[in-house]
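All remarks here apply to the structure that follows.
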Amino acid sequence: MALKIGDSIPDIELKDQNGDTFDFSSVKGVQPFVVYFYPKDFTPGCTKEACSFRDKYEDFKELGAEVIGISSDSEESHQKFVSKHNLPFIFLSDKDKTARDLFGVKPNLLGMIPGRETFVFDMQGILRYKFNSMSASRHIPEALTALEKMK
């Protein structure tokens with residue numbers, strides 16, 4: 455079952471790149487946030503997407519939003535990814551694909567590659583926009599536009 459516009463963020467906890475437990479309730483009610491699912495750390499498209507979010511991170515912060523990246527990579531892999539590319543936002547490990555299933559992110563290319571999908575939530579944790587495309591570079595402007603429209 456996929457999240458639909460108007461749905462609330464699923465109640466879920468995942469480990470971040472530091473091995474700490476991240477609970478989505480920590481941002482719900484505090485600020486809008488962007489959750490993006492991507493296939494794998496260190497792959498060309500995923501690195502491009504993460505670095506694009508990094509390069510526009512101040513734009514997200516100016517709109518009051520936090521950025522959260524999720525893949526099935528381990529916390530250790532995320533930590534190396536963050537260090538290597540100076541990524542300033544939160545990365546969550548979804549090893550058992552619980553979050554992917556709760557959000558309804560489907561695999562691409564005949565099920566061979568985990569899906570790439572971005573979700574934009576308002577301050578109350580209500581889904582206001584979602585975007586699905588394997589084109590990594592399109593997710594950042596789509597998310598920024600959605601946040602601007604929520605202002």
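Numbered by my numbering, the letters in the sequence shown go through residues 455 to 605 in order.
Note that beta-carbon positions come from the ideal geometry of N, C-alpha and C, so glycine has one too.
Alpha carbon to alpha carbon, how far is residue j from residue i? Give it in angstroms, no decimals.
i, j, result
"C500", "P493", "7 Å"
"G460", "K584", "11 Å"
"S526", "S587", "18 Å"
"K482", "A600", "17 Å"
"S531", "E467", "18 Å"
"F514", "L598", "7 Å"
"E602", "D576", "11 Å"
"K605", "R582", "12 Å"
"M570", "D550", "The sequence as given places Arg at residue 570; Met does not occur at that position. Each residue's alpha carbon lies about 17 Å from the other."
"Q448", "G473", "This structure cannot settle anything about residue 448, because the visible part of the chain is limited to 455 through 605."
"T497", "S462", "31 Å"
"K510", "T475", "26 Å"
"E596", "L556", "22 Å"
Anyone know if the C-beta pair for residue i and residue j falls short of 8 Å?
i, j, result
"H539", "A504", "yes"
"F543", "D495", "no"
"A519", "V489", "no"
"K458", "E529", "no"
"I594", "S506", "yes"
Nearest by alpha-carbon distance to residue i: which of the options is it?
i, options, result
"P464", "R554, F496, S587", "R554"
"L541", "D550, V521, L556", "V521"
"S537", "R508, H593, E571, F573", "R508"
"I580", "E596, G473, F478", "F478"
"P486", "F573, T475, Q471, S506", "F573"
For residue i, I'd like the list of residues in its chain whose CB is within less than 6 Å of its CB, leaving aside the five on either flank, ordered along the chain.
i, result
"I524", "F491, L546, D548, A553"
"P568", "P493, P561"
"L517", "L601"
Excluding the 5 residues flanking residue i on each side, which residues of the same chain have their C-beta closer than 8 Å to its C-beta?
i, result
"M455", "G558"
"V484", "M577"
"R592", "F585"
"K502", "A590, S591"
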